[in-house]
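Asks: The structure follows.
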Amino acid sequence: MSNLPIRRIVLHYSATFPDQDWGVTELRRLHLARGWKDVGYHYVIRRDGRIERGRAEDVIGAHVEGHNTGSIGVCCIGGLERATGKDLGVDNRTPAQIVATTLLLRDLLARHPGAEVLGHRDLAPTQCPGFDVKTWWAQVNAEARGGVPGSGASAPSAVPGLRGILAAIRSFIRNIFRRPS
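What follows is the structure, given as structure tokens:
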């Protein structure tokens with residue numbers, strides 16, 4: 002157990018393909034087979050946006066060697082892409098994962114004020130999680146404020162992402178009760 006303050010929230014990908022319906026159970030099995038004590042992450046976000054609990058937040062994770070103490074690990078399922086032949090570093094998060102990640106980060110930051118949101122690659126030589134977390138998080142926050150960081154722009158549409166996610170959610174909700182044609 003650790004009662005040290007949380008200084009970092011670190012985003013990861015699972016290095017799985019988009020059609021692999023993995024969650025915390027599958028990652029736990031993989032990590033235990035490697036001789037670890039448990040799944041290395043505190044939270045896992047499935048392709049459909051469901052957030053699953055891994056390690057308790059007060060238990061030190063196993064997700065960034067040398068940086069696990071004082072950090073929370075969040076893993077989005079995905080990161081590999083068969084179609085492109087690119088085996089690592091692909092940002093193939095679903096809209097549901099992006100929304101879930103945003104909501105989870107807001108909750109974690111409310112409970113751990115001052116924590117920095119980073120990607121695994123900000124702390125170690127890796128492509129994980131397949132995108133620049135600092136830039137993405139700045140864009141999410143700028144859109145929430147109605148502008149783009151440092152640009153003086155006031156239109157949220159200047160930054161792609163949140164508007165597209167909201168449109169996808171609206172479309173999903175509209176189509177929930179539609180019968181297939």
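When we follow the numbering used here, the leftmost residue of the sequence shown carries the number 2, and every step to the right adds one. In this text, a Cβ means the ideal position worked out from N, Cα and C, and glycines have one as well. Quantities reported herein were computed from a predicted structural model and do not represent experimental measurements.
Kindly identify the DSSP beta-bridge partner or partners of G74.
Replies: Note: G74 sits in a beta bridge opposite V11.
Asks: Please report how far the alpha carbon of P126 lies from the alpha carbon of A116, in whole angstroms.
Replies: Cα-Cα distance, rounded: 21 angstroms.
Asks: Flag this pair as touching only if the segment 26-38 and the segment 89-102 have three or more C-beta atom pairs under 8 angstroms; answer yes or no.
Replies: Judged by Cβ distances under 8 angstroms, the segment 26-38 makes no contact with the segment 89-102, as fewer than three pairs qualify.
Asks: Taking all protein chains shown into account, do 16 or more other C-beta atoms lie within 10 angstroms of the C-beta of W37, making it buried, or fewer, making it exposed?
Replies: By the 10 Å Cβ count, W37 comes out exposed.
Asks: For the candidate residues R8, Y44, R35, whose alpha-carbon lies nearest to that of W193?
Replies: Residue 193 falls outside the range modelled here, since the chain spans only 2 to 182, and no answer is possible.
Asks: Quick one: what's got a C-beta closer than 8 angstroms to E66's C-beta in the same chain, skipping five residues either side?
Replies: Within the same chain, E66 has close Cβ partners A125.
Asks: In three-state DSSP terms, what is T17?
Replies: Three-state result, T17: strand.
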